[in-house]
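Single-structure report; data block below.
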Amino acid sequence: MSGGKDRTLCLVAFDLGAENGRAVLGRFDGRRLELEEVYRFANEPVAASGRLYWDVLRLFLEIERGLVAARRAAGGPLQSLAIDTWGVSFALFDQKGELAGHPYHYRDRYVEGIMEKAFAVVPARTLFEWTGIQLMPINTLYLLLSMKLEQSAQLASARHLLMMPAALSYLLSGEMVDEFTIASTSQMVDPHTRTWSGKVLDAFGFPRDLFGSVLQPGTLVGRLTPEIAQELGVEPVPVALTAGHDTASAVVAVPAAPSEGTGRTWAFISSGTWSLVGLELSRPVISDAAFQGNLSNEGGAFGTFRFLKNVMGLWLLQECRRRWAREGADVSYDQLVREAAAAPPRRCFIDPDDPGFLRPGDLVSGIREFCARTGQPAPESRGEVARTILESLALKYRWVVEQLERAAGVAIDRIHVVGGGSRNELLCQLTADVTGRPVVAGPAEATAAGNLLVQAVALRELSGLEELRSVVRTSFRTRLYEPAAGGGWEDAYRRFLSAVMGEPVREKPGSL
Numbered sequence: 001m002s003g004g005k006d007r008t009l010c011l012v013a014f015d016l017g018a019e020n021g022r023a024v025l026g027r028f029d030g031r032r033l034e035l036e037e038v039y040r041f042a043n044e045p046v047a048a049s050g051r052l053y054w055d056v057l058r059l060f061l062e063i064e065r066g067l068v069a070a071r072r073a074a075g076g077p078l079q080s081l082a083i084d085t086w087g088v089s090f091a092l093f094d095q096k097g098e099l100a101g102h103p104y105h106y107r108d109r110y111v112e113g114i115m116e117k118a119f120a121v122v123p124a125r126t127l128f129e130w131t132g133i134q135l136m137p138i139n140t141l142y143l144l145l146s147m148k149l150e151q152s153a154q155l156a157s158a159r160h161l162l163m164m165p166a167a168l169s170y171l172l173s174g175e176m177v178d179e180f181t182i183a184s185t186s187q188m189v190d191p192h193t194r195t196w197s198g199k200v201l202d203a204f205g206f207p208r209d210l211f212g213s214v215l216q217p218g219t220l221v222g223r224l225t226p227e228i229a230q231e232l233g234v235e236p237v238p239v240a241l242t243a244g245h246d247t248a249s250a251v252v253a254v255p256a257a258p259s260e261g262t263g264r265t266w267a268f269i270s271s272g273t274w275s276l277v278g279l280e281l282s283r284p285v286i287s288d289a290a291f292q293g294n295l296s297n298e299g300g301a302f303g304t305f306r307f308l309k310n311v312m313g314l315w316l317l318q319e320c321r322r323r324w325a326r327e328g329a330d331v332s333y334d335q336l337v338r339e340a341a342a343a344p345p346r347r348c349f350i351d352p353d354d355p356g357f358l359r360p361g362d363l364v365s366g367i368r369e370f371c372a373r374t375g376q377p378a379p380e381s382r383g384e385v386a387r388t389i390l391e392s393l394a395l396k397y398r399w400v401v402e403q404l405e406r407a408a409g410v411a412i413d414r415i416h417v418v419g420g421g422s423r424n425e426l427l428c429q430l431t432a433d434v435t436g437r438p439v440v441a442g443p444a445e446a447t448a449a450g451n452l453l454v455q456a457v458a459l460r461e462l463s464g465l466e467e468l469r470s471v472v473r474t475s476f477r478t479r480l481y482e483p484a485a486g487g488g489w490e491d492a493y494r495r496f497l498s499a500v501m502g503e504p505v506r507e508k509p510g511s512l
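The opening residue of the sequence shown carries number 1 in the UniProt record's numbering; numbering runs sequentially from there.
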């Protein structure tokens, strides 16, 4: 602890995912961090007039309620608060600083076909060279371009664009600043200057003055406004910039020890609604191999980059569960995992990132149709469908890990799984078995822990990433999953590559 002070800090992390949000109170004594979830709320998109929106004002109201709950649980003053959210989403504000309209959801159908229009302006390879970001239709760039081409009244009245955590922080503090890790998910940031790319903005005709300052995580930017503090009955709590992208906060809390220079490294899987599979690097990898693999160089905290690929995650299982609930079978996730564990292994696989799985709908039928289309037996029971999803995720993780190794020129000897998916014992064991690498699972609360400990850096209570991770290792337990010998996964992976990915089989790099 850099400050050497004998006191316990009370910090608040607001962690908002694509389905729910929560307020987490962190008590940090300089050596250990204790977490207490004090408030939870739903994050439900709203469909209206043919569009899909984020209910940002409801989220702001829930944050206010969460702040009151955190102050009550702390029993005393709060030292700081910070917000992290899912990536790519943004809000627009007019010249008075008021919301110009309801923010669009990244699954809004109006982004369909927009990537091709974007590449007619800037070729895909050039866009990757400028930003280093994976080409995905959900990226901020494409929704913003769609609004421009539609002559959106919301965009016409906008004077400020803020990524979602920055927008919510602004409503709390009145300070309009963005943060690097979340801004990088927009595909409009220059990875070398770590601020908005003038080349991208100019090429697509976005006014430069729509975009403000981009600061690094671990910065104090203001305080709760006097009006909000009075309304909520709390002190004017300092507002910090944490790693605003939830995955960036989660990676901060990976309990990896410092590298010993062995030439090998660890990969991370931030497992939740999405699975983000990647490496932590000191510089971006912008190469033909990275482009061909559609890999991404997203901003990380403390001078790092997250060299990764987005993989559709447990949203597949969540959406299937919703379908079964509508049919009258409202089963828990734990029950689905038990049914999956009892189902026959390695029968059929899907590509989790098939475009047909991107939007809400009947994914159960979609999975069966995918298997039939690729010449595989279709899963019938809930357990078979769930097992197909989990095995396919593990197989896709291996495929991405091997891409990362080739593009970055490293050997990956272990995988850290953090986030809610680290609690899924079957998925963790499948990941170890399929990849042939040990899996270290935990902490499940990595995003909240990372958010809170970056606040401690902003308050100068911690010196940086190495000291922060030492606190993580002291504070949270992990579980090791060793890969089981045999099991038929090499043959399964060959079938996955040929039938699902349409690729020739490659030899597994290295000898691990």
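Don't be surprised by glycine CBs; every beta carbon is placed ideally from N, CA and C.
- For the pair L452 and A69, the CB atoms are not nearer than the 8 Å cut-off.
- Taking a 10 Å sphere around the C-beta of D209, we find fewer than 16 other C-beta atoms and assign the residue as exposed.
- Taking the Cα of P438 as reference, the smallest distance to any Cα among L480, A449, V401 is reached at L480.
- Within the same chain, and ignoring the five residues on either side of A289 in sequence, the residues whose Cβ sits closer than 7 Å to its Cβ are R406, A407.
- Contact between the segment 412 to 429 and the segment 222 to 242 is absent: fewer than 3 CB-CB pairs across the two stretches fall below 8 Å.
- The segment 107 to 124 and the segment 164 to 182 do not touch, with fewer than 3 CB-CB distances between them shorter than 8 Å.
- Between G17 and G272, the beta carbon gap of about 6 Å places them in contact (Cβ cut-off 8 Å).
- Secondary structure note for E384: its alpha helix (DSSP H) is the uninterrupted segment 382 to 408.
- The beta carbon of W489 lies closer than 7 Å to those of D433, V434 in the same chain, with the five residues before and after it left out.
- Here L81 is near V237, since their CB atoms are less than 8 Å apart.
- Annotated three-state conformation of S213 is coil, per DSSP.
- About 33 Å separates the CB atoms of E36 and L52; that is not less than 8 Å, and the two are not in contact.
- In the three-state scheme derived from DSSP, where H, G and I count as helix and E and B as strand, P284 is classed as coil.
- When DSSP states are grouped into helix, strand and coil, Y333 belongs to the helix group.
- The continuous alpha helix (DSSP H) containing L430 extends over residues 425 to 435.
- Along the length of the segment 8 to 56, whole beta strand (DSSP E) runs at least 3 residues long occupy 9 to 16, 20 to 28, 33 to 42, 46 to 48, 51 to 53, reported in chain order.
- For R125, same chain residues with a beta-carbon under 7 Å away, outside a window of 5 residues either side, are F291 in chain order.
- In this structure, V454 sits near G218, with a CB-CB distance shorter than 8 Å.
- Take the alpha-carbon of R382 and the one of D330: they are about 12 Å apart.
- For W315, the enclosing alpha helix (DSSP H) starts and ends at 315 to 326.
- Between the segment 130 to 146 and the segment 184 to 199 there are three or more C-beta pairs closer than 8 Å, enough to call the two in contact.
- In this structure F268 does not touch H105 by the C-beta definition: roughly 27 Å separates them, more than the 8 Å allowed.
- A contact between stretches requires three or more CB pairs, one per stretch, nearer than 8 Å, and the segment 457 to 477 meets this requirement with the segment 239 to 259.
- Within the same chain, Cβ atoms closer than 8 Å to the Cβ of P45 are found at L52, Y53, W54, D55, H105, R107, the five residues on either side in sequence being excluded.
- The beta carbon of P344 is closer than 8 Å to those of E384, R387 in its chain, skipping five residues each way along the sequence.
- When secondary structure is reduced to three states using DSSP, S270 falls in the strand class.
- In the three-state reduction of the DSSP assignment, V189 falls in the strand class, which pools E and B.
- L127 is the residue among L127, S296, F496, R359 whose C-alpha sits nearest the C-alpha of A203.
- As the crow flies, the alpha-carbon of C10 is around 35 Å from that of S296.
- Looking at the DSSP output, G174 shares a beta bridge with no other residue.
- M312 is not a Cβ neighbour of D246, given a cutoff of 8 Å.
- When DSSP states are grouped into helix, strand and coil, P165 belongs to the helix group.
- In this model, I114 and T140 are separated by some 12 Å (Cα to Cα).
- Taking C-beta atoms as the reference points, I367 and E129 fail to come closer than 8 Å.
- The secondary-structure analysis by DSSP pairs H416 across a beta bridge with F268, V440.
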